[in-house]
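In our numbering, the protein residues as written are 60 to 332. What follows is one structure encoded as structure tokens, with my remarks underneath.
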């Protein structure tokens, strides 16, 4: 059984049905579109006598709770509830859990035959695409108490955007590398930027390859520090020679702006100072 308990959503399929249904609604899909997508996506499960009732129970319960229960969904859920095969399976495989399952299904039957609540209007996602272009370079001045404590006050991290990443639920955030400028005078051109050292994030393998790529969580314009200074767009900044690049972008380090300065200072102190 692809479940860890007898309750309705103690099952991988049921949980995915509910969570993805809500997610797709927030992305602007209609109830009909989501149901049609599910019928195609879960074709093999719908042909399985164990998984099909779980599918219809979860979809019917989710739609009822949101006040959008479709007739076809209700009919199929009721069909499987009356059929009783789901409960029979539980009685065969887990007698103790079957008692809980019996109540769960009884409650669902009563719910589906009761008037629905008013339709719930879920807020749509407000997705943000960071305006930075690939090649954009920014200067981040170190001014915190922590920078003063580490002797780095008024120096700079130089942030270079090299790629983009889709961050849940659909924000487009920058993938960057960060250099360190120990001078109070900022680099004036690409050549001077190339002379600055990269700040490693961590050492991941035995061959001394260092990780430099960094995703910066930028889910709205207001959370990006206003003090960032734009230095220009440069397409020929040399990457680090000893870079260890993750095979999948999901494994690239991820920092929030709130923690960026302190963590990058720690990286600088650990690897470069």
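Just so it is clear, CB atoms sit at the ideal spot from N, CA and C, and this is done for glycine as well. Note that the structure is a prediction, hence the values are computed from the model and not measured.
Do the CB positions of residue i and residue j come within less than 9 angstroms of each other?
| i | j | result |
| --- | --- | --- |
| residue 312 | residue 260 | yes |
| residue 176 | residue 123 | yes |
| residue 104 | residue 113 | yes |
| residue 271 | residue 236 | yes |
| residue 67 | residue 116 | yes |
| residue 289 | residue 195 | yes |
| residue 48 | residue 241 | The structure shown does not extend to residue 48, since the chain is modelled only from 60 to 332, so the question has no answer here. |
| residue 61 | residue 110 | yes |
| residue 199 | residue 252 | no |
| residue 65 | residue 142 | no |
| residue 277 | residue 316 | yes |
| residue 299 | residue 257 | yes |
Tell me the rounded alpha-carbon separation between residue i and residue j.
| i | j | result |
| --- | --- | --- |
| residue 106 | residue 135 | 13 angstroms |
| residue 169 | residue 133 | 12 angstroms |
| residue 248 | residue 296 | 10 angstroms |
| residue 80 | residue 130 | 17 angstroms |
| residue 74 | residue 145 | 17 angstroms |
| residue 301 | residue 269 | 6 angstroms |
| residue 281 | residue 246 | 26 angstroms |
| residue 99 | residue 92 | 11 angstroms |
| residue 179 | residue 118 | 16 angstroms |
| residue 232 | residue 166 | 44 angstroms |
| residue 274 | residue 291 | 20 angstroms |
| residue 210 | residue 324 | 10 angstroms |
| residue 243 | residue 221 | 25 angstroms |
| residue 183 | residue 331 | 45 angstroms |
| residue 102 | residue 72 | 13 angstroms |
| residue 216 | residue 229 | 27 angstroms |
| residue 125 | residue 173 | 14 angstroms |
| residue 190 | residue 160 | 51 angstroms |
| residue 162 | residue 108 | 21 angstroms |
| residue 308 | residue 250 | 28 angstroms |
| residue 86 | residue 76 | 15 angstroms |
Report the three-state DSSP secondary structure of residue i (helix, strand or coil).
| i | result |
| --- | --- |
| residue 172 | coil |
| residue 304 | coil |
| residue 214 | coil |
| residue 291 | strand |
| residue 193 | coil |
| residue 223 | strand |
| residue 328 | helix |
| residue 81 | helix |
| residue 273 | strand |
| residue 279 | coil |
| residue 313 | strand |
| residue 127 | coil |
| residue 345 | For residue 345 there is no data in the structure shown, the boundaries of the chain being 60 and 332. |
| residue 112 | helix |
| residue 151 | helix |
| residue 248 | coil |
| residue 72 | helix |
| residue 253 | helix |
| residue 160 | helix |
| residue 86 | coil |
| residue 185 | coil |
Distance cutoff 9 angstroms, beta carbons only. Does residue i sit that close to anything in chain C?
| i | result |
| --- | --- |
| residue 228 | No chain C appears in this structure, which consists of one protein chain only. |
Tell me the residue span of the alpha helix (DSSP H) that contains residue i.
| i | result |
| --- | --- |
| residue 132 | 130-142 |
| residue 205 | 204-208 |
| residue 90 | 90-100 |
Heavy atom of the ligand ATP less than 8 angstroms from the Cβ of residue i, yes or no?
| i | result |
| --- | --- |
| residue 232 | The ligand ATP is not part of this structure, which contains no ligands at all. |
Just curious, the beta strand (DSSP E) that residue i is in, first and last residue?
| i | result |
| --- | --- |
| residue 231 | 230-240 |
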